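Read in UniProt numbering, the sequence shown has 3 at position 3, and its numbers run on one by one without any break.
Ideal placement from N, C-alpha and C gives every residue a C-beta, glycine not left out.
Just so it is clear, the structure is predicted and the values come from calculations on it, not from any experiment.
Okay, so here's the structure we're looking at.
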Amino acid sequence: MKVISYNRIINPSFLLINHELPSNTFHRPRLISTSAPSISSFNMKKKDLMMRLPCCFTTRAALSSSVKTDTYSGSKKQKSSSFYTHPSLLEMKNEKAANRVRVYEFLRGIGIVPDELDGLELPVTVEVMRERVDFLHKLGLTIEDINNYPLVLGCSVKKNMIPVLDYLGKLGVRKSTLTDFLRRYPQVLHASVVVDLAPVVKYLQGMDIKPNDIPRVLEKYPEVLGFKLEGTMSTSVAYLVGIGVARREIGGLLTRYPEILGMRVGRVIKPFVEYLEVLGIPRLAVARLIEKHPHILGFGLQERVKPNIQSLLQFHVRETTLPSVIAQYPELLGIDMEAKLPSQQEFLNSIIESTREDFGRVIEKMPQIISLSKAPVVKHVDFLKGCGFSSEQVREMVVGCPQVLALNLDIMKQSFEYFKTTMARPLEDLVAFPAFFTYGLESTIKPRHKKIAEKGLKCSLAWLLNCSDEKFDQRMSYDIIDMEEMDVGESSFNMNTLLEPRNDESASDYDEDYSEDDNV
Numbered sequence: 001m002k003v004i005s006y007n008r009i010i011n012p013s014f015l016l017i018n019h020e021l022p023s024n025t026f027h028r029p030r031l032i033s034t035s036a037p038s039i040s041s042f043n044m045k046k047k048d049l050m051m052r053l054p055c056c057f058t059t060r061a062a063l064s065s066s067v068k069t070d071t072y073s074g075s076k077k078q079k080s081s082s083f084y085t086h087p088s089l090l091e092m093k094n095e096k097a098a099n100r101v102r103v104y105e106f107l108r109g110i111g112i113v114p115d116e117l118d119g120l121e122l123p124v125t126v127e128v129m130r131e132r133v134d135f136l137h138k139l140g141l142t143i144e145d146i147n148n149y150p151l152v153l154g155c156s157v158k159k160n161m162i163p164v165l166d167y168l169g170k171l172g173v174r175k176s177t178l179t180d181f182l183r184r185y186p187q188v189l190h191a192s193v194v195v196d197l198a199p200v201v202k203y204l205q206g207m208d209i210k211p212n213d214i215p216r217v218l219e220k221y222p223e224v225l226g227f228k229l230e231g232t233m234s235t236s237v238a239y240l241v242g243i244g245v246a247r248r249e250i251g252g253l254l255t256r257y258p259e260i261l262g263m264r265v266g267r268v269i270k271p272f273v274e275y276l277e278v279l280g281i282p283r284l285a286v287a288r289l290i291e292k293h294p295h296i297l298g299f300g301l302q303e304r305v306k307p308n309i310q311s312l313l314q315f316h317v318r319e320t321t322l323p324s325v326i327a328q329y330p331e332l333l334g335i336d337m338e339a340k341l342p343s344q345q346e347f348l349n350s351i352i353e354s355t356r357e358d359f360g361r362v363i364e365k366m367p368q369i370i371s372l373s374k375a376p377v378v379k380h381v382d383f384l385k386g387c388g389f390s391s392e393q394v395r396e397m398v399v400g401c402p403q404v405l406a407l408n409l410d411i412m413k414q415s416f417e418y419f420k421t422t423m424a425r426p427l428e429d430l431v432a433f434p435a436f437f438t439y440g441l442e443s444t445i446k447p448r449h450k451k452i453a454e455k456g457l458k459c460s461l462a463w464l465l466n467c468s469d470e471k472f473d474q475r476m477s478y479d480i481i482d483m484e485e486m487d488v489g490e491s492s493f494n495m496n497t498l499l500e501p502r503n504d505e506s507a508s509d510y511d512e513d514y515s516e517d518d519n520v
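Below, the structure written as structure tokens:
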């Protein structure tokens with residue numbers, strides 16, 4: 001008797017009994033007879049089942065093969081038609097180019113020329129670019145301003161512009177000056193607050209510029225935020241201290257004229273200083289002029305200063321007086337002399353009948369006459385004529401002391417009244433010494449006149465006034481008046497006032513640190 005075994009295979013839809021039979025059983029089925037009727041009936045059913053099994057197995061195998069084939073092919077189809085597909089590099093490049101074209105079209109539509117933006121990282125959408133343009137408009141910048149520096153469109157509003165503007169606001173830069181600030185130096189919007197801006201501000205504070213003056217310095221010269229600390233800024237300051245500018249004056253000097261920080265020593269500052277030395281102004285005197293008038297360094301040496309000196313010489317200013325003229329009025333180095341001198345000479349000639357040589361003498365004694373407006377000059381001339389002076393006497397007084405054309409008229413009237421009533425001197429004395437009007441009535445004229453009146457001395461106005469108080473006291477001890485001192489002329493500018501020593505020993509420290517080879 002053969003034993004039939006089977007295994008159970010679990011399937012979600014049905015239970016399949018897999019009978020393990022010898023291979024010949026499926027090809028040659030046989031009947032097995034038994035004596036028990038119940039067993040015979042069971043065997044008959046089993047026989048029928050066994051005869052169907054080869055067909056079932058064959059169908060099952062075919063179906064299984066078909067399912068596997070369909071599943072594999074379906075998997076391949078599903079994989080090839082995925083819902084998320086990575087774009088190729090070419091597709092990404094084409095899309096980026098298309099976005100840039102749209103952004104360029106938007107910019108051209110509002111009047112911005114985007115030619116310089118090639119290669120610059122720009123927003124991928126027109127909306128973001130519109131946001132940047134609108135933000136710049138709110139800052140006061142126009143389309144023309146943006147066209148002057150279109151690279152500003154590469155700045156992110158949140159990452160670049162707002163942090164920089166917040167920092168400037170905290171420093172104290174006024175909103176009213178911000179538009180002009182950005183027009184002059186739009187590159188600041190690219191800067192990093194920590195890496196670029198904060199170190200420059202710290203350096204300025206180290207130059208003794210007061211914290212409250214820092215925003216004023218930045219408003220006057222925003223370009224300073226783009227300088228390197230160890231470059232032009234440090235060498236220009238070192239050179240100025242080296243020629244005699246007091247270190248304690250550096251902070252105030254830079255506050256008034258911060259443009260010095262951007263001037264190259266070899267190209268600008270040193271040639272300017274050396275030229276003034278050639279004209280006859282000592283180097284220390286030049287340093288004092290720079291302390292008081294630092295902006296003179298901004299006058300172009302070749303474009304303005306040298307032509308102005310030549311113009312002065314052409315209008316009969318003597319070369320030997322040039323140092324005094326410049327020291328009295330450094331501003332003349334930057335004035336358009338070619339236009340000013342002819343008109344002023346003609347005007348002066350029309351009211352006092354002066355000659356060309358007279359005009360040169362007037363400039364030597366009061367170079368401010370070059371910029372003096374006409375109305376005050378006419379009033380002073382009328383006053384002198386009203387005092388009884390002739391036109392020739394007025395001309396002589398103006399040439400001898402041009403300051404009479406610029407003094408306070410009320411004070412002049414008081415001094416003349418005292419001269420006429422109390423001193424009772426002839427008008428010729430004022431013609432000989434018109435500088436009388438430049439001395440204080442209460443502080444100098446009255447006290448000295450009383451002293452000589454008490455001693456019964458008779459002297460010229462020049463001997464009376466043109467000396468220091470110490471010198472006058474010495475003269476009062478004389479029994480007689482020295483005739484040589486009687487001929488003392490009118491006062492003139494003394495260059496030595498610019499050469500007075502200072503109690504500042506620290507300037508030499510910079511002399512050692514500064515190298516002449518650093519003239520870039």
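- For residue 166, the enclosing alpha helix (DSSP H) starts and ends at 162–171.
- DSSP places residue 110 in the coil class of the three-state scheme, outside both helix and strand.
- Distances from the CA of residue 351 to each of 383, 320, 462, 194 were compared; the closest alpha carbon is that of 383.
- In this structure, residue 220 and residue 258 form a Cβ contact; the two beta carbons are roughly 6 Å apart against a cut-off of 8 Å.
- When Cβ pairs closer than 8 Å are counted between the two stretches, the stretch 352–361 is seen to touch the stretch 397–414, the count reaching three or more.
- Collapsing the DSSP output to three states places residue 250 in a helix.
- Taken through DSSP and simplified to helix, strand or coil, residue 93 comes out as helix.
- In this structure, DSSP gives residue 292 a helical state, which the three-state scheme calls helix.
- Taking C-alpha positions only, residue 166 is separated from residue 251 by approximately 26 Å.
- The alpha helix (DSSP H) runs of length 4 or more contained entirely in the stretch 325–378 are, from start to end of the chain, 337–352, 356–365.
- Cβ contact annotation for residue 445 (same chain, cutoff 6 Å, sequence separation greater than five): 439, in chain order.
- Taking 4 residues as the minimum length, the alpha helix (DSSP H) runs contained wholly in the stretch 144–216 are 162–171, 175–184, 198–206, in order along the chain.
- A straight line joining the alpha-carbon of residue 222 with that of residue 390 spans about 56 Å.
- In the structure shown, residue 126 falls within a helical segment according to DSSP collapsed to helix, strand and coil.
- Secondary structure note for residue 393: its alpha helix (DSSP H) is the uninterrupted segment 391–400.
- Annotation: the continuous alpha helix (DSSP H) that includes residue 414 extends over 409–418.
- Residue 284 has its alpha-carbon roughly 8 Å from the corresponding atom of residue 245.
- The straight-line gap separating the alpha-carbon atoms of residue 229 and residue 435 is approximately 51 Å.
- The three-state secondary structure of residue 281, taken from DSSP, is coil.
- Going by beta carbons, residue 433 and residue 461 fall inside the 9 Å limit.
- Between residue 207 and residue 173, the C-beta gap is not smaller than 9 Å, which leaves the two residues out of contact.
- Rounded to the nearest angstrom, the gap between the Cα atoms of residue 426 and residue 217 is 56 Å.
- Contact between the stretch 288–305 and the stretch 332–340 is established, with three or more Cβ pairs separated by less than 8 Å.
- For the pair residue 190 and residue 160, the CB atoms are nearer than the 9 Å cut-off.
- A direct Cα-to-Cα measurement between residue 276 and residue 299 gives close to 13 Å.
- For the alpha helix (DSSP H) assignment, the uninterrupted runs of no fewer than 4 residues enclosed by the stretch 216–249 are, from N- to C-terminal side, 232–243.
- Around residue 253, the same chain offers 240, 245, 260, 290, 291, 294 as residues with beta carbons nearer than 8 Å, after the five sequence neighbours per side are excluded.
- The beta carbon of residue 131 is closer than 7 Å to those of 157 in its chain, skipping five residues each way along the sequence.
- Here the alpha carbons of residue 224 and residue 201 stand approximately 9 Å from one another.
- Between residue 271 and residue 346, the alpha-carbon positions lie close to 34 Å from each other.
- The C-beta separation of residue 255 from residue 209 comes to about 6 Å, placing the pair in contact by the 8 Å criterion.
- A distance below 9 Å separates the beta carbons of residue 330 and residue 296.
- One Cα belongs to residue 145, the other to residue 155, and the distance between them is close to 15 Å.
- The three-state reading of DSSP puts residue 423 in helix, counting H, G and I together.
- In this structure, DSSP gives residue 380 a helical state, which the three-state scheme calls helix.
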